[in-house]
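Heads up, the thing below is written out as structure tokens.
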Amino acid sequence: MTADTAKNFGPAFKTNWWARAGWLAAFLYAAYAANYLDVSWIRFLRGLGNGAEFLAEMVPPNFSRWQLLSANLMETVEIAIIASAFGILFSLPVGLLAARNLMPLWITWPFRTFIALCRSFHPVIFAILFVKAVGFGPLAGILTLIFASIGFIGKLFTEAIEEISLKPLEALRASGAPFMSVIIYAVLPQVLNRFIGFSSYQLDANLRNSTMVGIVGAGGIGGTLFAAFQRFDYDFLAAILISIIALVMLSEFISTRIKKVFQ
Amino acid sequence: MTVEAQSDSSAHPQRSICIENLSKEYVKGKPVLNNISFTVQGQSSVAIIGPSGTGKSTLIRCVNKLIPPSSGNVYISGENITHLTGRNLRMARRKIGMVFQEFNLVERLSVMENVLCGRLGYVPSWRAWLRKYPQKDIDNAFSLLDSIGLLEFARQRADSLSGGQRQRVGIARAIMQEPHVLLADEPTSSLDPKTSVEIMELLVSLSREHNIPLLINIHDVELAKRFTARVIGLSMGGIIYDGPPSELTNDHLKKIYGGENWLQ
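Line by line, the protein sequences give chains F and D. Counting from 48, one number per residue, gives the positions in the first sequence under the numbering used here. Counting from 21, one number per residue, gives the positions in the second sequence under the numbering used here.
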């Protein structure tokens, strides 16, 4: 019990030198990069002054062009909803076919690659590509967000399927159930809740992203927003930003409601 | 009793499990099952006993090809199912009901939906999806649930049930297949002793009532002796004992499980 009779068992926890070295390296690199990119306190203070002027010009927000604003908002919402509907619809089979616990390698491999491709570009890059491919306007925006949705929901859905319990599947296979019935009865009930969650989150994300694809000409309020920037039309800009905030909050409210229904 | 049994089995002379020289090796040269042969027919219930890791689960899963055997043959009611694949295998599996240690229900579906899962082999997927089962199946499911005392739970979710109730649902699902044979893989291992006895009673009585030969994996020797007419003792992948429970001696048990202190 006493100190002199106690055996020496050695340290209770192993020191992880690799982790410590990693943290140190990350810190040193951050300091180096900040220096290299001229991110300094003085530069920050200068920026703050600029920001104050900018903010001052934004008040009061100018809602006089509300007709243009609401028409643009409507288009934004339409892009988001159409893209979400098709994105969710396509990501269901794609996610299923990419699940490694249900499908053989030669099926999962191409679908996993497809999902990875959908995720590899930011929506803005997709939007630029689609504007070039199908021309200016909402169609390019819709296609952009469909691919973004497949990349996001597809991946999460695949992961959800890969985490399910295989016990009910075993039972249904043992009873001679056809493959589609096994999917419908043993797989979908286990992942449906999470799929609804991913989908409503993606609808949310699509609303936010559809305000942005317009900047490169793919339809929606983004185009007007960018034009207001370039014309130094800051009071109208403030009105646009406020309506986007309202829109996103509204969609968040709705998606919370949707999730509650499916709990 | 015997007369009734005979008349019943003559009505279904084909119902049997016949295992012939079955071997299974996961790793080459290390057989888990070594040249197993036995037949279960008619109204009999047979227990397979043996220590964990001796291949009981593998054996029972080789019967319905959930695990493909390395060599040997399995006949269900005379049909060799060993080399079936795809649709033919599915058709054969409909004849084999299976009850699992951990029930293997779809937790988020209702009791009724779980019981009707036993009909999925007979109902096209789109009908199953829309829950458009033949009325006869639904009537059968209701009366089966009634007979096992779960009628009032039919519309509840399976995960709201207790362990014993869930296993009853698992058994009802297997019976819904109208199987020729019934397999049970450690059906009582996740249950308390009292519920275990109830589940064994239910399995044996349903097997009698529907005239289905029953093959049970069970590590509890007392339960096996109490409820089955024949015990097969498995050890190291081979059959050590095959006979009535009354002739199963401590010597046999020593051979099957090894050691002897646990027998006192």
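Glycine included, C-beta positions come from ideal geometry on N, C-alpha and C.
Alpha carbon to alpha carbon, how far is residue i from residue j?
i	j	result
S298(F)	I292(F)	10 Å
M256(D)	S222(F)	29 Å
L235(D)	F158(F)	42 Å
S167(F)	M121(F)	29 Å
N231(D)	I154(F)	43 Å
I215(F)	V229(F)	Reading the sequence as shown, one finds Pro at residue 215(F) and not Ile. P215(F) and V229(F): Cα-Cα distance of roughly 9 Å.
M296(F)	L115(F)	21 Å
L79(D)	S72(D)	13 Å
V83(D)	N55(F)	56 Å
I231(F)	T105(D)	22 Å
A224(F)	L125(D)	14 Å
L152(F)	S77(D)	27 Å
E40(D)	R107(D)	24 Å
L143(F)	D85(F)	48 Å
V66(D)	I37(D)	11 Å
F300(F)	R188(D)	43 Å
Q121(D)	F173(D)	21 Å
G272(F)	E104(F)	With the sequence shown as reference, residue 272(F) is identified as Leu, and Gly is not the correct amino acid for it. Between L272(F) and E104(F), the C-alpha separation is close to 16 Å.
F91(F)	Y76(F)	20 Å
L192(F)	F60(F)	48 Å
Give me the residue from the options with the minimum Cα distance to residue i.
i	options	result
G258(D)	N100(D), S57(D), T102(D)	S57(D)
Q140(D)	L143(F), G198(F), A218(F)	Per the sequence shown, residue 140(D) should be read as Leu rather than Gln. Ranking the options by Cα distance to L140(D), first place goes to A218(F).
V241(D)	H230(D), I219(D), P213(D), L273(D)	L273(D)
K306(F)	Y79(F), Q249(F), V229(F), P58(F)	Q249(F)
R220(F)	Y46(D), G263(D), G253(D), R110(D)	R110(D)
G182(F)	S131(F), G264(F), T160(F), V234(F)	G264(F)
A161(D)	R175(D), V126(D), L79(D)	R175(D)
G184(F)	F276(F), L71(F), G269(F), S117(F)	G269(F)
A233(F)	W149(D), T208(D), R188(D)	W149(D)
V131(D)	K44(D), A192(D), T208(D)	A192(D)
D59(D)	P199(D), R151(D), L42(D), K50(D)	Here the sequence assigns Thr to residue 59(D), which means Asp is not the residue at that position. Minimum Cα distance to T59(D) is reached at L42(D).
S302(F)	N253(F), A207(F), G261(F)	N253(F)
By the three-class DSSP mapping on this structure, what secondary structure does residue i have?
i	result
H32(D)	With a pLDDT of only 48 at H32(D), under the threshold of 50, the placement of this residue in the model should not be trusted; the figure read from the coordinates follows. If DSSP states are grouped into helix, strand and coil, H32(D) belongs with coil.
M296(F)	helix
M118(D)	strand
P51(D)	strand
L181(D)	coil
G279(D)	coil
G261(F)	helix
A195(F)	helix
T269(D)	coil
D205(D)	strand
G270(F)	helix
R250(D)	strand
S57(D)	strand
V66(D)	strand
K61(F)	coil
G258(D)	strand
E210(F)	coil
I191(D)	helix
Quick check: does the Cβ of residue i come within less than 7 Å of any heavy atom belonging to the ligand FAD?
i	result
I211(F)	Although the ligand FAD was asked about, the structure shown includes no ligands whatsoever.
Between residue i and chain C, is any beta-carbon pair separated by less than 8 Å?
i	result
E217(F)	Going by chain labels, chain C is absent from the structure shown, which instead holds the protein chains F and D.
Touching by the beta-carbon criterion (3+ pairs, under 8 Å), the stretch 192–207 of chain D and the stretch 114–127 of chain D: yes
4-residue-minimum alpha helix (DSSP H) runs that sit fully inside the stretch 75–154 of chain D, ordered along the chain: 76–83, 106–113, 131–136, 145–149
4-residue-minimum alpha helix (DSSP H) runs that sit fully inside the stretch 108–169 of chain F, ordered along the chain: 113–144, 152–167
The stretch 165–183 of chain D touching the stretch 209–229 of chain D, judged by at least three CB pairs closer than 8 Å: yes
Three or more C-beta pairs below 8 Å linking the stretch 89–99 of chain D and the stretch 198–205 of chain F: no
Touching by the beta-carbon criterion (3+ pairs, under 8 Å), the stretch 106–113 of chain F and the stretch 122–136 of chain F: no
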